[in-house]
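Enquirer: Residue numbering for the sequence shown follows this note's numbering, starting at 114 and increasing by one per position.
Think of the CB as a built atom: it goes at the ideal place given N, C-alpha and C, for glycine as much as any other residue.
Before I ask anything, here is the structure I am working with.
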Amino acid sequence: MKVGEVKFGSVEINGIKYNHDIVIYPSGRIERRKKEISKKKHGTSHKFDPEELKEYLREDFDVLIVGTGIYGMLSLLPEARELVKEKDIIERPTPEALKLVEELWGKKKVLAIIHVTC
């Protein structure tokens, strides 16, 4: 997993630029984050709801890395944290989170949810 440029509104992973929030699965598959689930329930996509997290629990993983945004605005709700309490959970601002994804890739099975704006 190679991380390129990380800036407000976009991230580059393996040479591909993403202008939206993403989910990186342990298999390497990358898809758009389904943030409308959290937004509909809480009025904002900055509160990471357990119903949204359930959408991403398709592959086995060791560590969940949440890129909380450039300014750290996204937060994993306690109820969401409870869903994956047996796993390692790391919440960091997006640039730092993506460095961890790159460092841990191949050493652990990483599931990463990355917020690209605030």
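Excluding the five sequence neighbours on either side, which residues of its own chain have a C-beta within less than 7 angstroms of the C-beta of LEU232, listed in chain order?
Expert: Outside the displayed range of the chain (114 to 231) lies residue 232, so it cannot be described from this structure.
Enquirer: Assuming contact is defined by CB atoms lying nearer than 9 angstroms, are LEU224 and ILE137 in contact in what I supplied?
Expert: Yes; because the gap between Cβ atoms is below 9 angstroms, this pair is in contact.
Enquirer: Any idea what DSSP makes of LYS115, helix, strand or coil?
Expert: In the structure shown, LYS115 sits in coil (DSSP, three-state: anything other than H, G, I, E or B).
Enquirer: Any heavy atom of the ligand SAH inside 8 angstroms of the beta-carbon of ALA225?
Expert: Annotation note on the ligand SAH: not contained in the displayed structure, which lists no ligands.
Enquirer: Could you give the C-beta distance for GLY180 and ILE226, rounded to a whole number, given that I count them as a contact under 8 angstroms?
Expert: 7 angstroms
Enquirer: Check whether the Cβ atoms of THR207 and VAL229 sit closer than 9 angstroms, and answer yes or no.
Expert: yes
Enquirer: If you scan the stretch 178–220 from start to end, which runs of the beta strand (DSSP E) of 3 or more residues do you find wholly inside it?
Expert: Segments of the beta strand (DSSP E) lying fully in the stretch 178–220: 201–205.
Enquirer: Could you pull out every residue in the same chain whose Cβ sits closer than 6 angstroms to the Cβ of ARG145, ignoring the five residues on either side in sequence?
Expert: For ARG145, where only same-chain residues beyond five positions count, the Cβ hits under 6 angstroms are HIS133.
Enquirer: So GLU80 is in the alpha helix (DSSP H); what residue range does that whole segment cover?
Expert: In this structure the chain extends from 114 to 231, so residue 80 is not present and cannot be described.
Enquirer: Which residue comes first and which comes last in the beta strand (DSSP E) that contains SER151?
Expert: Element bounds for SER151: not the beta strand (DSSP E) but the alpha helix (DSSP H), 149–155.
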